[in-house]
Amino acid sequence: MNLSRPARIALRIAAGLGFAVIYVPLTLVLVNSFNIDRSSGWPPAGLTLNWWEQAWHSNGARAALWTSVKAALGATGISLVLGTLLAFAVQRYRFFGRESISFLVVLPIALPGIVTGVALNTAFRAVLEPFGVGLGMFTVVVGHATFCVVVVFNNVIARLRRTALSFEEAAADLGADTFQIFRDITFPLVRSALVAGALLSFALSFDEIVVTTFTAGPGVQTLPIWVFSNMTRPAQAPVVNVVAAVLVLLSVLPIYLAQRLSSDTAGTSRI
Numbered sequence: 001m002n003l004s005r006p007a008r009i010a011l012r013i014a015a016g017l018g019f020a021v022i023y024v025p026l027t028l029v030l031v032n033s034f035n036i037d038r039s040s041g042w043p044p045a046g047l048t049l050n051w052w053e054q055a056w057h058s059n060g061a062r063a064a065l066w067t068s069v070k071a072a073l074g075a076t077g078i079s080l081v082l083g084t085l086l087a088f089a090v091q092r093y094r095f096f097g098r099e100s101i102s103f104l105v106v107l108p109i110a111l112p113g114i115v116t117g118v119a120l121n122t123a124f125r126a127v128l129e130p131f132g133v134g135l136g137m138f139t140v141v142v143g144h145a146t147f148c149v150v151v152v153f154n155n156v157i158a159r160l161r162r163t164a165l166s167f168e169e170a171a172a173d174l175g176a177d178t179f180q181i182f183r184d185i186t187f188p189l190v191r192s193a194l195v196a197g198a199l200l201s202f203a204l205s206f207d208e209i210v211v212t213t214f215t216a217g218p219g220v221q222t223l224p225i226w227v228f229s230n231m232t233r234p235a236q237a238p239v240v241n242v243v244a245a246v247l248v249l250l251s252v253l254p255i256y257l258a259q260r261l262s263s264d265t266a267g268t269s270r271i
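Count the sequence shown with full-length UniProt numbering and you get residues 1 to 271, in order.
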């Protein structure tokens, strides 16, 4: 499609404004993490690494970081297993209710986080508390897995749709059993999709706050919750800026790697 010069200029301006709305605030967070002014005055009167040192020695921030890592790893592990199995079932087999299952798997990612959080909180209290299991790390992991499964499912099923079944059929004709076919043919073809799904799941779980608020017990504090609870404390403002900057930097890497892996289509074209 050929666009006129004014149209191209207008699109570039609109794109620039869109990117500015998204990334200028993130840049300000990064700059303020070095701002010598405790109140984050603008423009910065000077730059310092003092706030980064304080953040490093903050026991609360470090404990919250480790809690977020554990929750994200647990949610990612559950999502990999369930999302992969669901993707193979929906893509490779025909059965009654197949489309309904696919819809129900994808639905949680579209629901507002507060709705999911309230529903999970109610369910956990009704089902788990009678057995002596209260809100805690387990409920946080399960809560995060409800929407992380969608990410793995979408990545794997998209890869399976682009994967030639003739490779597996040829291996079967040559005498390979089901395990050998999966190990030597299927898994290498979907491996990058699994890694991409795992990275995106980890990033989503690591940054989640709404569902965590409703599923975490009193003793569980993830890094996003720590940031939110310390935002109104003037003495903690510089450290919060540092932690927010770290969250931004930690989120960039898995998203970038997942994007690169998702674009890898080598060996997946249909023949």
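All C-beta atoms in this analysis are idealised placements derived from N, C-alpha and C, irrespective of residue type, glycine included.
C-alpha gap between residue i and residue j, whole angstroms
i    : j    : result
N2   : R8   : 9 Å
E129 : V243 : 34 Å
G117 : I101 : 22 Å
V141 : P108 : 15 Å
V252 : L174 : 44 Å
V90  : A164 : 16 Å
E168 : D177 : 10 Å
A75  : E208 : 11 Å
A64  : N50  : 20 Å
G18  : V127 : 45 Å
R162 : A203 : 25 Å
P218 : G143 : 16 Å
R92  : A110 : 25 Å
S229 : F96  : 47 Å
Q180 : N155 : 23 Å
A266 : F187 : Any reading at A266 is ruled out, since the residue's pLDDT is 44, under 50, leaving its predicted position unreliable.
Q54  : W226 : 15 Å
L250 : F103 : 31 Å
R94  : R183 : 23 Å
T48  : I13  : 35 Å
Whole-number beta carbon distance between residue j and residue i, since they are thought to touch under 8 Å
i    : j    : result
A237 : R38  : 7 Å
F124 : T139 : 5 Å
P224 : T212 : 7 Å
V240 : M231 : 6 Å
A160 : A258 : Residue identity check: residue 160 is Leu in the sequence provided, not Ala. Actually they do not touch by this definition, with Cβ atoms about 17 Å apart.
Contact under 8 Å by Cβ, residue i with residue j
i    : j    : result
S33  : W52  : yes
A158 : A198 : no
G136 : V31  : no
V190 : V150 : no
T84  : V21  : no
S68  : C148 : no
P43  : I36  : no
L80  : V248 : no
I185 : A196 : no
A72  : S166 : no
I78  : V210 : no
V29  : A245 : yes
Limits of the alpha helix (DSSP H) - the one that residue i falls within
i    : result
V105 : 98–110
F147 : 137–161
P25  : 5–32
G197 : 187–207
F131 : First-last for F131: undefined, no H or E at that position.
S229 : 223–230
T48  : Here T48 belongs to no alpha helix (DSSP H), and DSSP marks it neither H nor E.
N59  : 59–92
Q180 : 178–181
A170 : 165–173
Any non-hydrogen atom of the ligand SAM closer than 7 Å to residue i Cβ
i    : result
A171 : As presented, the structure is devoid of all ligands, the ligand SAM included, so that no description of it is given.
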